[in-house]
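S.K.: Below you will find the structure I want to go over with you.
Numbering (my numbering), first residue to last: 17 to 207.
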């Protein structure tokens, strides 16, 4: 009995040291750990594959998914957008046409992460190629090309007719801000 007691006393400083070291480590890393919880990396295989294929920064794609669906592959918006990257049926049809995709993929497949990310990144790439500006491309992703094209014609929103200096829709402006903030967070956390 005395031997067990001596062993406990002998191990007490080691246990105390390890506990203190863990607490110090936790204090220094809690911010990063909580941010990684808030900004997760999910569906990495598809995000990295289709980001690279469409020449997009994978952290921008993660930021769009985080903002659009919070990584809920079964998400449906109040206007009917589906999946991780929240594609509308018209956008799906347009992307399918532009991709010349002859596979038997339908709008129902937008709940499948692989196809949703494939189509969503392709759409984002098309918009970026068209507008050559992340904020303007994201505004079009959220509000549609026709709205953005109309805003670009208005000198109070665009001085050059190519990029938006101001986004007239509060919802779209908020969306672009959220994506860009998440993009910055992903880049800082994972680069």
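Quick reminder that beta carbons are idealized off the backbone N, C-alpha and C, glycines included.
Have a look at the DSSP bridge pairing and note the partners of residue 98.
M.R.: Within the chain shown, residue 98 is the residue found at index 82, counting from 1. DSSP lists 92, 103 as partners of residue 98.
S.K.: Give the straight-line distance between the Cα atoms of residue 83 and residue 169, rounded to the nearest whole angstrom.
M.R.: Within the chain shown, numbered from 1, the residue matching residue 83 stands at position 67. Within the chain shown, numbered from 1, the residue matching residue 169 stands at position 153. Each residue's alpha carbon lies about 28 Å from the other.
S.K.: I need the straight-line Cα distance from residue 13 to residue 182, nearest angstrom please.
M.R.: Past the boundaries of the shown model lies residue 13; the chain is included only from 17 to 207, so the question cannot be answered.
S.K.: Which residue's Cα is closest to the Cα of residue 139: 151, 166, 103?
M.R.: Looking up residue 139 in the chain shown gives position 123. Looking at the Cα atoms, 103 is the closest of the given residues.
S.K.: Can the beta-carbon of residue 126 be found closer than 8 Å to that of residue 70?
M.R.: Start at 1 with the first residue of the chain shown, and residue 126 comes out as number 110. Start at 1 with the first residue of the chain shown, and residue 70 comes out as number 54. Cβ distance not < 8 Å, so residue 126 and residue 70 don't count as in contact.
S.K.: In the structure shown, what three-state DSSP assignment does residue 60 receive?
M.R.: Working through the chain shown from its first residue, we reach residue 60 at position 44. Residue 60 falls in the helix class under three-state DSSP.
S.K.: Expressed to the nearest angstrom, what Euclidean distance is found between the alpha-carbon atoms of residue 92 and residue 172?
M.R.: As a working mapping, residue 92 is identified with position 76 in the chain shown. As a working mapping, residue 172 is identified with position 156 in the chain shown. Straight-line Cα distance between these residues: approximately 34 Å.
S.K.: Skipping 5 residues on each side, what residues in its chain have a beta carbon closer than 8 Å to that of residue 207?
M.R.: Along the chain shown, one-based indexing puts residue 207 at 191. Here the set comprises 75.
S.K.: Could you pull out every residue in the same chain whose Cβ sits closer than 6 Å to the Cβ of residue 156, ignoring the five residues on either side in sequence?
M.R.: Start at 1 with the first residue of the chain shown, and residue 156 comes out as number 140. 143, 164.
S.K.: With distances taken Cα to Cα, identify the nearest neighbour of residue 85 among 133, 145, 174, 160.
M.R.: For the purposes of this step, residue 85 is taken as the residue at position 69 of the chain shown. If we check each option's Cα against that of residue 85, 133 comes out closest.
S.K.: Going by DSSP in three states, residue 184 sits in which element: helix, strand or coil?
M.R.: Here residue 184 refers to the residue found at position 168 when the chain shown is read from its first residue. Three-state DSSP puts residue 184 in coil, outside helix and strand.
S.K.: Taking the continuous alpha helix (DSSP H) assigned at residue 135, which residues delimit it?
M.R.: By one-based count along the chain shown, residue 135 stands at place 119. Segment 129-147, the alpha helix (DSSP H) holding residue 135.
S.K.: Quick one, which of 78, 153, 68 has its alpha-carbon nearest residue 54's?
M.R.: Mapped onto the chain shown, residue 54 falls at position 38. For residue 54, the nearest C-alpha among the options comes from 78.
S.K.: Of the choices 150, 106, 192, whose alpha-carbon is the least far from that of residue 162?
M.R.: If you number the chain shown from 1, residue 162 lands on position 146. Nearest C-alpha to residue 162: 106.
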